[in-house]
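Report on the following structure.
Numbering (this note's numbering), first residue to last: 116 to 422.
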């Protein structure tokens, strides 16, 4: 059974760290990148899912007298080590799941037939540190209040910032602008969701959740997309599908990008396009609060609106 899990950025970080450790220089920066990518990774464990418990294999090194938890970055790496007819299949989990499991082994081995990288207990502990910023306990706005905000969004200051080419690499300034803005993301559907709307408000629970619209570039890079206003959305869509907009939670979107091995975020594609690369977003995994969110909009992703 193949999995659609990829970890191209984790694999690169792993190789960079190995090279740095084998060299004579300081590997601290490579280690931090690796830890952050590991924290945001989805990895494959050789397991048997019996419907209740996850039965998994561990590896024993008699030479080192150590027990390892084997994890794999993708299906190709998994099947380098396991035969197609093995009783174990690749089961994907976010890295946090492996924290408890790894307490019973000496270390984790990543891609046992490939790079054979050993993640030590110290690395695992660093990767399991909580990176979620604590939010104030603020009452969330209801759907109609969120709709009113949606109808009034313009983000003129942010739009002017991204239109200025001299700001192309000013990511600190960008995050300040985003923190003072309310951005939109795009929900896409093959079928119209209009019938589920009440006063133009469509609830996620009524349509079995929303499908986020993403962008793929000519080199195969995958990006989440954000918009400053409804006019910017109109410049970026076609008539083949049905589109709706919602007020996004930017921090949640950044985490989505990191956890899904995506390449970054694009603001206003087909307009004054501003690309935020993954390397910038990765700071969030270190516990850095890139964007100050409006806590009263914590439930904004539960609703989408007609354009």
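Beta carbons are placed, not taken as given, at the ideal position from N, Cα and C, and that holds for glycine. Keep in mind that this is a model prediction, so the values were computed, not measured.
Contact between residue 302 and residue 359 holds: CB atoms are separated by about 4 Å, below the 8 Å threshold. Checking the DSSP bridge columns, you'll see residue 234 partnered with 223. Distance from the CA atom of residue 279 to the CA atom of residue 316, rounded to whole angstroms, is 34 Å. Pairing residue 169 with residue 183 gives a Cβ-Cβ distance that is not under 8 Å. In its chain, beyond the 5 residues on either side, 338, 372, 390, 391, 392, 393 and 396 have a beta carbon closer than 7 Å to the beta carbon of residue 379. Between the region 267-279 and the region 306-320, the count of Cβ pairs shorter than 8 Å is below three; the stretches do not touch. By the criterion of a C-beta distance shorter than 6 Å, residue 192 is surrounded in its chain by 226 and 229, once the five residues flanking it on both sides are discounted.
Residue 146 holds the alpha-carbon nearest to the alpha-carbon of residue 130 among 176, 257, 300 and 146. Taking a 10 Å sphere around the C-beta of residue 365, we find 16 or more other C-beta atoms and assign the residue as buried. For residue 358, the secondary structure class from DSSP, reduced to helix, strand or coil, is strand.
Cβ-Cβ distances below 7 Å link residue 179 to nothing in the same chain once the five nearest sequence neighbours on each side are left out.
Under a 10 Å Cβ-count criterion, residue 136 is classified as exposed, with fewer than 16 other Cβ atoms of the shown protein chains found around its own Cβ. Residue range 316-318 is occupied by the beta strand (DSSP E) that includes residue 318, with no alpha helix (DSSP H) assigned at that position.
Residue 203 and residue 384 have their C-alpha atoms roughly 43 Å apart. At least 8 Å separates the beta-carbon of residue 321 from that of residue 124.
Annotation: the continuous beta strand (DSSP E) that includes residue 207 extends over 204-209. Judged by beta-carbon spacing, residue 210 lies within the 8 Å limit of residue 242, meaning their Cβ atoms are closer than that value.
Ranking 345, 325 and 357 by CA distance to the CA of residue 382 puts 345 first. Annotation: the continuous beta strand (DSSP E) that includes residue 175 extends over 174-176.
Excluding residues up to 5 positions away in sequence, 161 lie with their Cβ nearer than 8 Å to the Cβ of residue 201 in the same chain. Nearest to residue 217 by alpha-carbon distance, out of 239, 205 and 199, is 239. Taking the Cβ atoms as the reference, residue 412 lies roughly 19 Å from residue 340, outside the contact range of under 8 Å.
Just measuring C-alpha positions, the residue of 402, 262 and 223 sitting nearest residue 420 is 262. Cβ-Cβ distances below 7 Å link residue 326 to 302, 303 and 304 in the same chain, with the five nearest sequence neighbours on each side left out; the list follows chain order. By the beta-carbon neighbour count (other beta carbons within 10 angstroms, threshold 16), residue 284 is exposed.
No Cβ-Cβ contact shorter than 8 Å links residue 158 with residue 119. Between the beta-carbon of residue 388 and that of residue 319 there is about 28 Å, and that puts the pair past the 8 Å contact cut.
In the assembly as shown, residue 152 is a buried residue. Its beta-carbon has 16 or more other beta-carbons within 10 Å.
Bridge partners of residue 164 according to DSSP: 169.
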